[in-house]
Amino acid sequence: MTDPTPAPEDADDAVDAVDPTVVTDRDLEVLAEQLGREPRGVVGIAARCACGRPLVVRTAPRLPDGTPFPTTYYLTHPGAVAAASRLEAQGVMKEMTERLGTDEELAAAYRRAHEHYLARRAELGHVEEIDGISAGGMPTRVKCIHVLMGHALAAGPGVNPLGDEALALVRDQWRPDRCSC
Ligand SMILES: [Zn+2]
17 MTDPTPAPED
27 ADDAVDAVDP
37 TVVTDRDLEV
47 LAEQLGREPR
57 GVVGIAARCA
67 CGRPLVVRTA
77 PRLPDGTPFP
87 TTYYLTHPGA
97 VAAASRLEAQ
107 GVMKEMTERL
117 GTDEELAAAY
127 RRAHEHYLAR
137 RAELGHVEEI
147 DGISAGGMPT
157 RVKCIHVLMG
167 HALAAGPGVN
177 PLGDEALALV
187 RDQWRPDRCS
197 C
């Protein structure tokens with residue numbers, strides 16, 4: 017008697033081979049739920065929760081209706097969005113922007129984050145209206161913690177210093193490696 021079901025190790029290999037950035041129909045359903053509307057211009061899932069649900073969507077620089085869209089890495093996870101909003105309410109953006117004016121090393125790293133953001137967006141095409149404009153206040157100000165967190169989650173640690181800081185600040189309330197979906 018032979019067992020017709022595939023060996024477990026084969027099934028594991030198949031799962032490992034799936035590119036986590038590829039958008040599935042299930043992802044689009046979850047995104048609609050997270051955003052409370054149909055997701056637009058989604059080209060990839062840039063970061064996922066430990067459970068696999070999207071945290072950050074990679075979005076086309078021009079939406080299907082023609083609107084330029086600078087926020088290439090859009091934070092969608094409700095827990096992360098709420099954590100970012102709490103930091104903003106605490107005045108963290110003003111404090112970070114002030115430090116950019118006095119800490120040259122931080123300012124240089126933040127400029128590199130801006131360049132990284134633009135370079136990754138350029139892979140998706142050129143949009144004249146937002147040429148040279150990244151998001152979140154980069155390269156000289158902090159205007160949106162959600163953008164910086166989304167970038168840090170998508171790019172991994174060491175790319176956006178203030179996004180990394182924001183993630184560290186909310187770690188007790190929300191973190192990507194522990195599912196709170
Ligand atoms: Zn989760």
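Under the working numbering, the first residue of the sequence shown carries the number 17, and numbering increases by one thereafter.
Glycine included, each C-beta is placed from N, C-alpha and C at the ideal position.
Bridge partners - residue i, DSSP secondary structure assignment
i	result
Gly60	Arg74
Three-state secondary structure (DSSP) of residue i
i	result
Ile149	coil
Gly174	coil
Gly166	helix
Asp26	Only weak support exists for where Asp26 lies, its pLDDT of 49 falling under 50; the coordinates are left without a value.
Thr21	Interpretation of Thr21 is limited by its pLDDT of 49, a score under 50 that renders its predicted location unreliable; no figure is taken from the coordinates.
Glu54	coil
Asp35	coil
Arg12	The chain is shown from 17 up to 197; residue 12 falls before or after that span and cannot be answered.
Asp41	helix
Ala66	coil
Val158	coil
Limits of the alpha helix (DSSP H) - the one that residue i falls within
i	result
Pro177	177-185
Any non-hydrogen atom of ligand 1 within 7 Å of residue i CB
i	result
Ala135	no
Glu160	A small correction: the amino acid at residue 160 is Cys; Glu does not occupy that position in the sequence shown. Answer for Cys160: no, Cβ out of range of ligand 1.
Ala98	no
Arg69	yes
Ala66	yes
Neighbour flag for residue i against chain D, beta carbons, 8 Å
i	result
Glu104	Structure shown: chain D not included; a single protein chain is present.
Every unbroken alpha helix (DSSP H) inside the stretch 69-146 [4 residues or more]: 94-105, 108-118, 120-138
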